[in-house]
Amino acid sequence: MRKFLLLAAVTSLTLLLGCGRSVIMETESEQYVQSELDKLAPVTLSVDMSSLSSQDSEVVKLLVEAAGQMDRIFLRQVYQKNIQIEKDLEKGNYEKYLELFKVMFGPWNRLDENHPFINAEPKPNGANFYPLDMSEAEFKEWVEAHPEEQQAFESNFTVIRRQNDGLTAIPYSQCYKEELDKAADLMRRAADLTRDESLAVFLRSRALSFETNDYYQSDMDWMDLNGDIEIVIGPYEVYEDNLFGYKAAFESFICLVDHKESDAFKELGSRMNELEQALPIPNSYKNFNRGAFSPIKVVDEIFTAGDTKAGVQTLAFNLPNDERVREAKGSKKVMLRNVMHAKFDKILLPISERVLRQDQVDRVSFDAYFRAILMHEVSHGLGPGRITIDGKETTVNRELKELYSTIEEAKADVLGIYTTQYLIDQGLLPRDLERTLYISNLGGMFRSIRFGLGEAHGGGVAIQLNYYMDKGAVGVDKDGRFFVNERRIKDAVRDLARELLVIEAKGDYREAKKLIDTFAVLRPPVQAALSNLKGIPIDIHPSYAVEKGMIN
Ligand code: ZN
Numbered sequence: 001m002r003k004f005l006l007l008a009a010v011t012s013l014t015l016l017l018g019c020g021r022s023v024i025m026e027t028e029s030e031q032y033v034q035s036e037l038d039k040l041a042p043v044t045l046s047v048d049m050s051s052l053s054s055q056d057s058e059v060v061k062l063l064v065e066a067a068g069q070m071d072r073i074f075l076r077q078v079y080q081k082n083i084q085i086e087k088d089l090e091k092g093n094y095e096k097y098l099e100l101f102k103v104m105f106g107p108w109n110r111l112d113e114n115h116p117f118i119n120a121e122p123k124p125n126g127a128n129f130y131p132l133d134m135s136e137a138e139f140k141e142w143v144e145a146h147p148e149e150q151q152a153f154e155s156n157f158t159v160i161r162r163q164n165d166g167l168t169a170i171p172y173s174q175c176y177k178e179e180l181d182k183a184a185d186l187m188r189r190a191a192d193l194t195r196d197e198s199l200a201v202f203l204r205s206r207a208l209s210f211e212t213n214d215y216y217q218s219d220m221d222w223m224d225l226n227g228d229i230e231i232v233i234g235p236y237e238v239y240e241d242n243l244f245g246y247k248a249a250f251e252s253f254i255c256l257v258d259h260k261e262s263d264a265f266k267e268l269g270s271r272m273n274e275l276e277q278a279l280p281i282p283n284s285y286k287n288f289n290r291g292a293f294s295p296i297k298v299v300d301e302i303f304t305a306g307d308t309k310a311g312v313q314t315l316a317f318n319l320p321n322d323e324r325v326r327e328a329k330g331s332k333k334v335m336l337r338n339v340m341h342a343k344f345d346k347i348l349l350p351i352s353e354r355v356l357r358q359d360q361v362d363r364v365s366f367d368a369y370f371r372a373i374l375m376h377e378v379s380h381g382l383g384p385g386r387i388t389i390d391g392k393e394t395t396v397n398r399e400l401k402e403l404y405s406t407i408e409e410a411k412a413d414v415l416g417i418y419t420t421q422y423l424i425d426q427g428l429l430p431r432d433l434e435r436t437l438y439i440s441n442l443g444g445m446f447r448s449i450r451f452g453l454g455e456a457h458g459g460g461v462a463i464q465l466n467y468y469m470d471k472g473a474v475g476v477d478k479d480g481r482f483f484v485n486e487r488r489i490k491d492a493v494r495d496l497a498r499e500l501l502v503i504e505a506k507g508d509y510r511e512a513k514k515l516i517d518t519f520a521v522l523r524p525p526v527q528a529a530l531s532n533l534k535g536i537p538i539d540i541h542p543s544y545a546v547e548k549g550m551i552n
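Sequential numbering from 1 applies to the sequence shown in this note's numbering.
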């Protein structure tokens, strides 16, 4: 039997006196673990799947099972000891630790700068993609001495291991063969069952990728999915590899497509020139030569696994990452509506109730919030991109340098509201959306700046909030609660849109700096409102109805 000894006096770490071969040497206090779990609002994500055929309901179950294998692989990718730690947690009396471990896919708290809550080792930069004791220099020297191995070493789909006295690259297809074989088998069974031809093609070609370690063709096939089920399964993002950013982590999304909403976006794609024409800037600054409009799909999430499930929950994704596929077929943006709705209910509404004036709180609505997010995405495709300065061809990004992402995110936010208003005025969206749009947007701002202004989104939001306050379009009452001044807000949105767009059109670094220095700051009333948000969750902790056998 293991004993658990709490040393209250010793910093925050507790010491485990164990026997046997447990790899758990020490743990953070239970209090810490509990308070970290409390920051994540539990929520069950369920999707109405009554529109699916009985075959496709069965297909979903098979795919969920296949996705489960991505959980197993990602757990191994994060840390060499993860599987053993998980076993030890399951055997011992560690319920809460196990819960947090499952959220974080390892013993480090991803929401607290990777603070370890089991053992005291720092999170390895190279995760388990490289030998723990391999330095950056050793990798580079090896590749230099063995140029014929460079491609394999830098591949997104290999792990690096020690072999004899040197290093070797092992393909994922070999390293994770057991899990990938199981997943491939389930995917092929699903392909045989479904009547969605595009899905069957993708599942078979992705299953083959698991064996060949070549993902090109299945990424191409993924772009052609056109049925009710939208699935991502395989190795994608490289953020877990903090050493080189080479190695892709396994993940999965299984979603149900809302065709009506997605088709509405296709329609919007044909209006991009009209929206550009409607921008509040001189015609010479408008940009009618943007590339193709990439499709947006609105979906509800049935299940996720692996990388995407670790830590903060994803609201949208844009894939694939393979540039060859992007050139041939573009990319696909997928918006996870029920995840957004859950965060809205558990985080944005409670925040709004604390910071907004009582008579306007009731108007904060998910539909308006969601509309603004969708239009934010569309708005990244509006306004200047390639520009000419003093006869020289350049881009907004190149000219604004490190300020670009803050300006661009602010632009997308402001234009998201501006274009929504335009579509309302054109009779393409319901008029009563106006009542909810601005106040819902204001509530959302406090969610975004809660974690500071260091990141582009937070900074961009502070610009808007302070600008609107200076224009009298957003006010604060004597109790410190915020409200929208309906007589002024539309003009303020238009004016800020113009300022941001002109900065981009001119590639005006100095004006961008001035705007950011003036407005991307935390002023006292906002600071006071933010300090009033303690106890409101910072994210959600989803479980999936489909896992509990509650399909339909
Ligand atoms: Zn954006």
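We treat Cβ as the ideally placed atom computed from N, Cα and C, and that holds for glycine.
The alpha helix (DSSP H) that contains GLN174, what's its start and end? As a first step, residue 174 is located in the sequence shown; it is residue number 174 there, counting from the start. In the DSSP assignment, GLN174 falls within the alpha helix (DSSP H) that extends over 172-175.
Should THR562 be labelled buried (16 or more other beta-carbon atoms within 10 Å of its own) or exposed? Outside the modelled stretch of the chain, which goes from 1 to 552, sits residue 562, for which no answer is possible.
Taking just the CA atoms, how far does PHE483 sit from VAL33? Stepping through the sequence shown from its first residue, residue 33 is reached at position 33. Stepping through the sequence shown from its first residue, residue 483 is reached at position 483. A straight-line Cα-Cα distance of about 37 Å links VAL33 and PHE483.
What I want to know is whether the C-beta of ALA412 ends up closer than 7 Å to one or more non-hydrogen atoms of the ligand ZN. To locate residue 412, count along the sequence shown from 1; it is residue 412. Yes, the ligand ZN has a heavy atom inside 7 Å of this Cβ.
Please list the segments of the alpha helix (DSSP H) lying wholly inside the stretch 52-132, counting only runs of 4 or more residues, in order along the chain. You should have 54-78, 82-91, 95-104.
Taking only three categories from DSSP, how would you classify SER12? Residue mapping note: residue 12 aligns to position 12 of the sequence shown, counting from 1. Unreliable positioning characterises SER12 in this predicted model, as indicated by a pLDDT of 38, which lies under 50. The coordinate reading is nonetheless provided below. If DSSP states are grouped into helix, strand and coil, SER12 belongs with coil.
Evaluate the contact criterion for the stretch 225-239 versus the stretch 269-280: three or more CB pairs, one atom per stretch, below 8 Å. Flag = no, the stretch 225-239 and the stretch 269-280 do not touch.
Which residues does DSSP pair with GLU230 in a beta bridge? As a position in the sequence shown, residue 230 is number 230, starting the count at 1. Bridge partners of GLU230: CYS255.
Which residue from HIS541, LEU111, SER270, ILE351 puts its Cα closest to that of ASN441? Mapped onto the sequence shown, residue 441 falls at position 441. The residue from HIS541, LEU111, SER270, ILE351 with its alpha-carbon nearest to that of ASN441 is ILE351.
In angstroms, rounded to a whole number, what distance separates the CA positions of TYR418 and TYR215? Here residue 418 is taken as the residue at index 418 of the sequence shown, counted from 1. Here residue 215 is taken as the residue at index 215 of the sequence shown, counted from 1. Those two C-alpha atoms are separated by around 40 Å.
In chain order, each beta strand (DSSP E) run of at least 3 residues that lies wholly inside the stretch 233-314: Entirely contained in the stretch 233-314, the beta strand (DSSP E) runs reaching 3 residues are, in chain order, 250-257, 296-306.
Please tell me whether PHE253 and GLU301 are closer than 8 Å, where the distance is taken between their beta carbons. Counted from its first residue, the sequence shown places residue 253 at position 253. Counted from its first residue, the sequence shown places residue 301 at position 301. In this structure, PHE253 sits near GLU301, with a CB-CB distance shorter than 8 Å.
Please go through the same chain and pick out, in chain order, the residues whose beta-carbon is closer than 7 Å to the beta-carbon of ASN156, but skip the five residues on each side of it. Taking the first residue of the sequence shown as position 1, residue 156 is located at position 156. For ASN156, the CB contacts under 7 Å within the same chain, skipping 5 residues up- and downstream, are PRO235, VAL238, TYR246, LYS247, ALA248 in chain order.
Are there any heavy atoms of the ligand ZN lying less than 7 Å away from the beta-carbon of GLU455, as far as the coordinates show? The sequence position of residue 455 within the sequence shown is 455, counting from 1. No - the ligand ZN has no heavy atom lying nearer than 7 Å to the Cβ of GLU455.
Determine the direct distance from the alpha carbon of ASP413 to that of VAL461, and round the result to whole angstroms. In the sequence shown, the residue the question calls residue 461 occupies position 461. In the sequence shown, the residue the question calls residue 413 occupies position 413. Here the alpha carbons of ASP413 and VAL461 stand approximately 8 Å from one another.
Sort ILE118, TRP108, LYS260, ALA66 by Cα distance to THR189 and report the nearest one. As a working note, residue 189 is residue 189 in the sequence shown. The sequence shown places Arg at residue 189, not Thr. Of the candidates ILE118, TRP108, LYS260, ALA66, the one whose C-alpha sits nearest the C-alpha of ARG189 is ALA66.
Going by other Cβ atoms of all chains shown within 10 Å of its Cβ, with 16 needed for buried, is ARG510 buried or exposed? One-based indexing of the sequence shown puts residue 510 at position 510. Counting Cβ neighbours within 10 Å, ARG510 comes out exposed, since fewer than 16 surround it.
Should GLU504 be listed as close to the ligand ZN, given that the test is whether its C-beta is under 7 Å from any heavy atom? Along the sequence shown, one-based indexing puts residue 504 at 504. Not under cutoff, so the answer is no.
When you compare only the Cα positions, how much space is there between GLY416 and MET104? Taking the sequence shown and counting its residues from 1, the one referred to as residue 416 is at position 416. Taking the sequence shown and counting its residues from 1, the one referred to as residue 104 is at position 104. Rounded to the nearest angstrom, the two C-alpha atoms are 33 Å apart.
By Cβ distance below 6 Å, which residues in the same chain neighbour ILE489 in space, the five residues on each side in sequence not counted? Here residue 489 is taken as the residue at index 489 of the sequence shown, counted from 1. Shown here for ILE489: same chain residues with a beta carbon closer than 6 Å to its own, the five before and five after excluded, namely TYR438, ALA473 in chain order.
Could you pull out every unbroken alpha helix (DSSP H) segment of at least 4 residues lying fully inside the stretch 338-418, listed in chain order? The stretch 338-418 contains these whole alpha helix (DSSP H) runs: 349-355, 358-361, 366-379, 396-400.
Following the continuous beta strand (DSSP E) through ILE439, name the residue where it begins and the one where it ends. For the purposes of this step, residue 439 is identified with residue 439 of the sequence shown, where counting begins at 1. Run containing ILE439: none in the beta strand (DSSP E); it sits in the alpha helix (DSSP H), 433-449.
Along the chain, where does the alpha helix (DSSP H) containing TYR32 start, and where does it finish? If you number the sequence shown from 1, residue 32 lands on position 32. In the DSSP assignment, TYR32 falls within the unbroken alpha helix (DSSP H) covering 30-38.
Per DSSP, what kind of secondary structure is GLU486 in: helix, strand or coil? Along the sequence shown, one-based indexing puts residue 486 at 486. Residue state for GLU486 is assigned as coil, using DSSP reduced to three classes.
When burial is assigned at 16 or more other CB atoms within 10 Å of the CB, is ARG371 buried or exposed? On the sequence shown, residue 371 is found 371 positions in, with the first residue counted as 1. ARG371 should be labelled buried.
Pull the bridge partners of THR168 from the DSSP assignment, please. Here residue 168 refers to the residue found at position 168 of the sequence shown. For THR168, DSSP records a beta bridge to ARG161.
Applying the 10 Å Cβ sphere with the 16-neighbour rule, what's the burial state of ALA528? By 1-based counting over the sequence shown, the position of residue 528 is 528. Classification of ALA528: exposed, given that the 10 Å Cβ count is below 16.
Beta-carbon within less than 8 Å of GLN358's beta-carbon, same chain only, minus the 5 sequence neighbours each way: which residues are those? Here residue 358 is taken as the residue at index 358 of the sequence shown, counted from 1. The residues are ARG481.
Using 10 angstroms around the beta-carbon of ALA316, count the other beta-carbons present and answer buried if the total reaches 16, otherwise exposed. For this step, residue 316 is matched to residue 316 along the sequence shown. A residue is called buried when at least 16 other Cβ atoms come within 10 angstroms of its Cβ; ALA316 meets this threshold and is buried.
Mind checking whether ALA120 and TYR79 have CB atoms under 8 Å apart? Within the sequence shown, residue 120 is the residue found at index 120, counting from 1. Within the sequence shown, residue 79 is the residue found at index 79, counting from 1. For the 8 Å CB-CB criterion, ALA120 and TYR79 do not form a contact.
For the putative contact between PRO542 and ALA310, defined by C-beta atoms under 8 Å, what is the C-beta separation to the nearest angstrom? Here residue 542 refers to the residue found at position 542 of the sequence shown. Here residue 310 refers to the residue found at position 310 of the sequence shown. The Cβ separation is near 12 Å, so there is no contact.
May I ask you to verify whether the stretch 371-390 touches the stretch 418-437, counting CB pairs closer than 8 Å and requiring at least 3? A contact exists between the stretch 371-390 and the stretch 418-437.
Pairwise C-alpha distance: ASN283 and ILE538: Position 538 of the sequence shown, counted from the start, is the residue given in the question as residue 538. Position 283 of the sequence shown, counted from the start, is the residue given in the question as residue 283. The alpha-carbon atoms of ILE538 and ASN283 are separated by roughly 43 Å.
My guess is that LYS333 and ASN318 are in contact by the Cβ rule of under 8 Å, so how many angstroms apart are they, rounded? For this step, residue 333 is matched to residue 333 along the sequence shown. For this step, residue 318 is matched to residue 318 along the sequence shown. About 5 Å separates the beta carbon of LYS333 from that of ASN318, a gap short enough to meet the 8 Å contact definition.
At a threshold of 7 Å, does HIS380 count as lining the ligand ZN (C-beta to nearest heavy atom)? Residue mapping note: residue 380 aligns to position 380 of the sequence shown, counting from 1. Because some heavy atom of the ligand ZN lies under 7 Å away, the Cβ of HIS380 counts as near it: yes.
Taking the straight line between their C-alpha atoms, what separation do you get for LEU16 and MET25? By one-based count along the sequence shown, residue 16 stands at place 16. By one-based count along the sequence shown, residue 25 stands at place 25. Its pLDDT being 46, under 50, LEU16 is placed unreliably in this model, and the coordinates cannot settle the point.
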